[in-house]
Every structure is written in structure tokens, then in C-alpha cells.
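For reference, the structure discussed in these notes is given below.
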Amino acid sequence: MMVAAVGMRTEWGRLMSTLSEGGEDETPLQVKLNGVATIIGKIGLVFATLTFVVLMVRFLIEKGVTVGLSKWYSTDALTIVNYFATAVTIIVVAVPEGLPLAVTLSLAFAMKKLMNDKALVRHLSACETMGSAGTICTDKTGTLTTNHMVVDKIWIAEVSKSVTSNNTLEDLNSVISPTTLGLLLQGIFENTSAEVVKEKDGTQTVLGTPTERAIFEFGLKLEGGHNAEDRTCTKVKVEPFNSVRKKMAVLVSLPNDTYRWFSKGASEIVVQMCDMMVDADGNSVPLSEAQRKNILDTINSFASDALRTLCLAYKEVDGFDNDSDSPTSGFTLISIFGIKDPVRPGVKDAVKACMSAGIIVRMVTGDNINTAIAIAKECGILTDDGIAIEGPDFRNKSPEEMRDLIPKIRVMARSLPLDKHTLVTNLRGMFHEVVAVTGDGTNDAPALHEADIGLAMGIAGTEVAKESADVIVLDDNFSTIINVARWGRAVYINIQKFVQFQLTVNVVALVINFVSACITGSAPLTAVQLLWVNMIMDTLGALALATEPPNDDMMKRPPVRRGESFITKVMWRNVIGQSLYQLVVLGALMFGGEQLLNIKDADSKSVINTLIFNSFVFCQVFNEINSREMQKINVFRGMISNWIFIGIIAVTVAFQVVIIEFLGTFASTVPLSWQLWLVSVGLGSISLIVGAILKCIPVKSDENPSSPNGYMPLPSGPDNI
Numbered sequence: 001m002m003v004a005a006v007g008m009r010t011e012w013g014r015l016m017s018t019l020s021e022g023g024e025d026e027t028p029l030q031v032k033l034n035g036v037a038t039i040i041g042k043i044g045l046v047f048a049t050l051t052f053v054v055l056m057v058r059f060l061i062e063k064g065v066t067v068g069l070s071k072w073y074s075t076d077a078l079t080i081v082n083y084f085a086t087a088v089t090i091i092v093v094a095v096p097e098g099l100p101l102a103v104t105l106s107l108a109f110a111m112k113k114l115m116n117d118k119a120l121v122r123h124l125s126a127c128e129t130m131g132s133a134g135t136i137c138t139d140k141t142g143t144l145t146t147n148h149m150v151v152d153k154i155w156i157a158e159v160s161k162s163v164t165s166n167n168t169l170e171d172l173n174s175v176i177s178p179t180t181l182g183l184l185l186q187g188i189f190e191n192t193s194a195e196v197v198k199e200k201d202g203t204q205t206v207l208g209t210p211t212e213r214a215i216f217e218f219g220l221k222l223e224g225g226h227n228a229e230d231r232t233c234t235k236v237k238v239e240p241f242n243s244v245r246k247k248m249a250v251l252v253s254l255p256n257d258t259y260r261w262f263s264k265g266a267s268e269i270v271v272q273m274c275d276m277m278v279d280a281d282g283n284s285v286p287l288s289e290a291q292r293k294n295i296l297d298t299i300n301s302f303a304s305d306a307l308r309t310l311c312l313a314y315k316e317v318d319g320f321d322n323d324s325d326s327p328t329s330g331f332t333l334i335s336i337f338g339i340k341d342p343v344r345p346g347v348k349d350a351v352k353a354c355m356s357a358g359i360i361v362r363m364v365t366g367d368n369i370n371t372a373i374a375i376a377k378e379c380g381i382l383t384d385d386g387i388a389i390e391g392p393d394f395r396n397k398s399p400e401e402m403r404d405l406i407p408k409i410r411v412m413a414r415s416l417p418l419d420k421h422t423l424v425t426n427l428r429g430m431f432h433e434v435v436a437v438t439g440d441g442t443n444d445a446p447a448l449h450e451a452d453i454g455l456a457m458g459i460a461g462t463e464v465a466k467e468s469a470d471v472i473v474l475d476d477n478f479s480t481i482i483n484v485a486r487w488g489r490a491v492y493i494n495i496q497k498f499v500q501f502q503l504t505v506n507v508v509a510l511v512i513n514f515v516s517a518c519i520t521g522s523a524p525l526t527a528v529q530l531l532w533v534n535m536i537m538d539t540l541g542a543l544a545l546a547t548e549p550p551n552d553d554m555m556k557r558p559p560v561r562r563g564e565s566f567i568t569k570v571m572w573r574n575v576i577g578q579s580l581y582q583l584v585v586l587g588a589l590m591f592g593g594e595q596l597l598n599i600k601d602a603d604s605k606s607v608i609n610t611l612i613f614n615s616f617v618f619c620q621v622f623n624e625i626n627s628r629e630m631q632k633i634n635v636f637r638g639m640i641s642n643w644i645f646i647g648i649i650a651v652t653v654a655f656q657v658v659i660i661e662f663l664g665t666f667a668s669t670v671p672l673s674w675q676l677w678l679v680s681v682g683l684g685s686i687s688l689i690v691g692a693i694l695k696c697i698p699v700k701s702d703e704n705p706s707s708p709n710g711y712m713p714l715p716s717g718p719d720n721i
């Protein structure tokens, strides 16, 4: 061999250089979160500035009225510093620094769980992107199918049988004689290029081409305890499979000094060579025209079921010539095999789950269109409103024709890697779809790189494909891809829950401090208290809400499209409702707490401020539980199994008790009586009832099951009602 090129001059090198071009695109969630964080930060800055200005104006007016602005004391400087600290703390509370933490935690948690589900996530953001996927372009061989050919049907002695289970093999034994069976087994084992190899651990493996392995494994199953005559003959001459002749042949010598040719190959070739057939008793009988027509009909019916057909025939001869080829006529037909690559278990359910989730599955394969259509129908991919198209036809379409055609495409057969790349580019460009692509070959790398999320096969995939992919499917199974989508949706919804929780705390903390500053001239929540609330809201809240596992309901709603608002109407309803409740409660305590609760101690102001702080924290604790479900009333479902969530709630409550009872000097609090503790917990727990009431208020959903051009409606039918 001669080396023509090395390094970046090779095809592989050029391919890798194109893959490394261009920066990383931001994921759909990152784009939305950047906008949310900016808006929240700006609102916080405005409130902080207003609070500081109001406090300073009140301070200066009071000072001017009482002692005059010409006299200044050290206590005045301390007061101004405290006002400034309160304003800075408001900014700290408002700026959602816990948002990146929540996103990273949620993605990392999903990544770890997906590893257990046979999906290796190479890029952390891929978890979230997959949750927004509206289209999956998948390969057929090895992904939807097992990539292991098996004999599915057999025709022998004018009997056609499905042979996928042991029971059907026993049925086959019952309808044919031992002589016929022996002839079939002899033809299988002698005329084959497959072989059995013993592994180091003692297990036996069949090596050979997929088709040869399928027939050989079928023979081993069928043989069982039969001592057939296939082991009593010797190979004399072998003609390997030839793509021109479309058949292979072997000559064996029999114990009675005669010879027997076995020929196996394409059905149309072998049937033409036959003028006899084997009957159920093992005898050779002439092949009538009616029987020949019946055989051809059987071959066609096998082919229409996406089965690859092969025929096995034999011819007995008295002698042979070393220089001559095998005979081309006078054979006796033994059997017809129908071979297929079976659909993986669970694929049909996975495709159904995709359809109910509003995700369209498109099969893109290099196989012929009849096989692709049959497999697509078996998987449930090709529906009545979908079409199958061949790669060459697709390539020749104009952009206008593609715009009308692409939404209907469910199967693309005889396709080149370039066709897959074109399909992905158009789905993203024309229809603004979030597209996931599976691939295993080096040529699939451009499509994997172009897609929003590339899924490479871990077993069959090449290194280039894996390098280009975001997720490696370790078991090459389509069902694993659905798990990635489920976790992706869980990540997106968990971030929404966290933002809803954070917005509620933000609104209440900002408004209560601002209003109090305007009316009373002081903020009820001190800097230390606000920082503790900020810790509950950001760090602990992120940890609690970002680790919620997915549930089945997530796959019964359409995917989130590009451009859809991250903060939905449902979230605004919950935020506004909870904020109003908390503001009313805290306002009542602030302006009428002493009268309502009959507190007349000397330090009643400190007690009320501590009670406001305690009630505010417990409102957040119960609102955190409330945020587990944005639309469902039962917020306790699955909470017991989520030990991280329970642990964080327990830690939050324990720290709150310590802060109130033992860290009064540091946190500006005083110990509370058990009655006032009950008041705080009671007021907080009412937020659960408020949440349940809010969820009964109907809100027009933001979720749009189809894109602006009417593309991709959700499937209808009893399963989707």
C-alpha cells in the first residue's frame, strides 16, 4: 500500500477540521435564562436604589427638623452605612446568582442518572436541549432494529411457518419428516461460510456475515437432539458467494460414493434452477406450474414483510469435474428462508411515547424503501399522514418544494449522509425546530454536528461520530434516547420551578422592604436576615428543586419551542398569587401585629420584626413544597422518595430555629414563645392552601402544540384525549 496523505490532509482530518469550526451555540434554555436573569437583576437594582433614596430622604428630613443638617454624629454615619447595606443586600437578594447553580446542579444530576440508563452525556447542556427536541432523525439498523439478522419465516414442503419461537420450531418438526429435516440441516451446515468459535469463557459464538449467521443459528436451534446426516459427508468443492451469480454452492461426497451439490442464494436465481421439490416425506417430486406460482407468491409475500429471501436447493450427481462450475439446472428445491433484522424490544412503545410527547420520529436509512417502510410501519413511525421518500428524489427538490414536503416526511430511504445533513439544516432553518440526530458512521459527523443534539451509537459508532456527538448511546437502543428526552424535560421544568420559587421570594422581599422604608423609615428584614433568605432561595432552593426526577406526565405535553416564553402564564399566576398572600400576611403583622396578637412587652417591636422574619421564612419553606408542582394540586407526590428535598427542608427549619433562639445578637432577632412559633408555621402552611386554590384558576396555556406555520400537530386518538 502507498500512503497518499496524513494528518489534516486526509478525509478524516478534513472532516474533523470542519467540525471544529464555529463557536458553541447557546442552548434554547441558556438564551431564555440570560433574558430572565437580566430583567430580575435590573428590577432589583431599581428597588434597591429607590429604597436607599427613600430611607436617605426620610433620614435627612427628620434630621433637618430635629437637630439640623449642620450637626453630624458618628451614629448618623452608621445609620447611612446600614441603609446602604440594606440596599446592597436587596441587590444581592434580587440578582439570581443561584440560577447558574440550579442549572448546573440539574444538568449534573440528570447526567449522572442518564449514565445509569446507558447514555453518556459529553456536553452538559445536551441534557436540557434534548428536552426541547421536536424532531428525532434516527437510523434504522442497530438503533430501531437489533442489527442481528434472524430467520423469521421458512417455507418447506409447501408449508410456510413463522419460526421466531421454540414452539413454532417444534411445530415445524411435526409437519416434516426426519428425512426432510436431515436434508435441510445438511444444506444449512455444509453450504455456509459461518463457523462456530469457542470463546475463552467457554461460550460459543457464530462468526460470519449477518445473513450466514442467521441461517446457521436457525440450523443450530432446529437441530436440537437430531443426529442428522449433515455430519456424515465430506466437502469436495466450494464455490463462495458471488455478487454476479448471487449464489454460493458446495459439493459434498456421501457415504454411498455419490455426490451432492447444495446451492443457496437469491430466490429468483435458485428457483429458476429447480425442476423438482422436496415433499413432507423427503421425496423429490416434480415441480408443477401451479406449485412454481405458489412458491413465487410465497417469496413475494416474504419480501412485502421486509424479509430478505434466500432459497436452498440440492442436486445429486455421480461424479464431478474440478474445472467446471456448479450446475445451473436440475436442482430440487428444499426451502425458502425469510430473514430480517428484528425491531428492538420497546422501540414501538418508545415511538408511541414520542408521538404523545409531540416529538416526530423520522427514519433516515440507506436501506431500500420497501424494507424501510415495513420497519417504519412496525415501529409506528410511518403514519397515514406521513410519506416515505428516497434520497435521490429528496435531493432534486427545490427549496419551495422542500418547505411543503419536509413536514410530511417520516421515512427517507436510500439516503446519503448529505441528505441527512440537508434535512437537519432545513428543519432548523425553515421550521425553527430543535432537532436531535442519531448516527454511527464517520459520514454522519456533519449531521451530528449541525443538529441541536447529536446522538452517537456507542457500540456501532466510529470515533469521529462520537467526537461530533453530544450524547453517546451506550447500548445503541432507541428507547435510551427517549430517556434522554425525559430527563431533558425534567431539567427544563425543574429550572422553571426554581425560577417561580425565586421570583416569589424576590417580589415579597423587595416590596416589603420598599414599602416599609417608605412608610416607617426602616426595613423590617435586616441585611443578615435577607442574606439567610437569599441562601434558602438560591443555594438550598436550587439543590432541592433542581434534583426532582422526571415523571410520566412530562411526556404527555408538547415540547417547548424556540422563542416561547420561559416564564409561562401558569408561573405568573402562582408567583402573583403567592406574593399577594405573603405581602398581606407580612403587612398585617408589620402594621397591626401588636394589636392582633396582643403583644405589649417592652421589646414588642423586636418581637414583631422577628415574627415577620420567621413567618417570611416559613412561607418560603412551604412555598418550596408548593413549587414542586406548577399545575397539580397534589404537591406531595413522590416527595418521600426524594431524600435530597426532605433533607434540605429539614436543614432549613433547623437553622431557622437556631437563628431565632440562639443567634439573636448576630441576626437581630429575639427568642419567640411556642405560641408565636405556631403562628409562623401556621401562616406559612396556609400558602399550601393558597397554592391549591391558585391551581384551580384556569389559565390559557402558553404551550403551542404547533409552530406558527401550522407545522407538527399533536397526534390525535384515544391515547391523547
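In terms of UniProt numbering, the sequence shown is residues 1 to 721.
Glycine included, C-beta positions come from ideal geometry on N, C-alpha and C.
Per DSSP, residue 379 is not a residue of any beta strand (DSSP E); the alpha helix (DSSP H) it occupies stretches across 369-379. By the Cβ neighbour-count rule, residue 300 is exposed, with fewer than 16 other Cβ atoms within 10 Å of its own.
Around the beta carbon of residue 582, 16 or more other beta carbons lie within 10 angstroms, which makes this residue buried. Inclusion of residue 559 and residue 490 in the CB contact set at 8 angstroms is not warranted, their separation being larger than that value.
An exposed status is given to residue 592, since fewer than 16 other beta-carbon atoms sit within 10 Å of its beta-carbon.
Looking at the backbone, the Cα of residue 577 and that of residue 533 are separated by about 20 angstroms. The DSSP-derived three-state label of residue 283 is coil. In the DSSP assignment, residue 361 falls within the unbroken beta strand (DSSP E) covering 360-364. Leaving aside the five residues that flank residue 542 on each side, the residues in its chain whose CB is nearer than 7 angstroms to its CB run, in chain order, 98, 101, 102, 105, 498.
Using a Cβ distance threshold of 8 angstroms, residue 253 and residue 236 count as a contacting pair.
In the three-state DSSP reduction, residue 241 falls in the strand class (E or B). Going by DSSP, residue 151 is part of the beta strand (DSSP E) stretching over 150-156.
Straight-line measurement puts the Cα of residue 417 at about 40 angstroms from the Cα of residue 325.
Residue 169 and residue 113 have their alpha carbons spaced roughly 41 angstroms apart. Proximity to residue 48 across 538, 693, 514 peaks at 514, based on C-alpha coordinates. For residue 401, there are no CB contacts under 8 angstroms within the same chain when 5 residues up- and downstream are skipped.
Bridge pairing for residue 338: 153, 309 [DSSP]. Ranked by how close their Cα comes to the Cα of residue 255, the residues 286, 91, 316 have 316 in first place. The alpha-carbon separation between residue 405 and residue 349 amounts to approximately 27 angstroms. When DSSP states are grouped into helix, strand and coil, residue 430 belongs to the coil group. Under the 8 angstroms Cβ criterion, the stretch 70-89 does not count as touching the stretch 127-137, having fewer than three qualifying pairs. Taking a cut-off of 8 angstroms for Cβ pairs, the stretch 598-607 and the stretch 506-520 do not touch, as fewer than three such pairs fall below it. Counting C-beta pairs closer than 8 angstroms gives fewer than three between the stretch 121-128 and the stretch 516-532, which falls short of the contact rule.
In this structure, residue 606 keeps its C-beta atom at 8 angstroms or more from the C-beta atom of residue 589. Under DSSP, residue 331 forms a beta bridge with 274. Looking at the DSSP output, residue 204 bridges to 198. Scanning 675, 500, 633 for the CA closest to the CA of residue 689 turns up 633. Excluding five sequence positions before and after residue 340, the CB atoms of its chain that fall closer than 8 angstroms to its own CB belong to 149, 150, 152, 305, 306, 307, 308, given in chain order. A direct Cα-to-Cα measurement between residue 385 and residue 408 gives close to 7 angstroms. Take residue 427, set aside five residues on each side of it, and the residues of its chain with a beta-carbon closer than 6 angstroms to its own are 135, 433, 435, in chain order. Distance check between residue 586 and each of 574, 610, 61, 182 places 610 closest, using alpha-carbon atoms only. In this structure, DSSP gives residue 326 a state outside helix and strand, which the three-state scheme calls coil. When 553, 352, 279, 68 are compared, the shortest CA-CA separation from residue 177 is found for 279.
With a minimum length of 4 residues, the unbroken runs of alpha helix (DSSP H) contained wholly in the stretch 634-715 fall at 643-662, 664-667, 674-695. By the C-beta density criterion, residue 203 is exposed, having fewer than 16 other C-beta atoms within 10 angstroms.
Here DSSP, grouped into helix, strand and coil, assigns residue 261 to strand.
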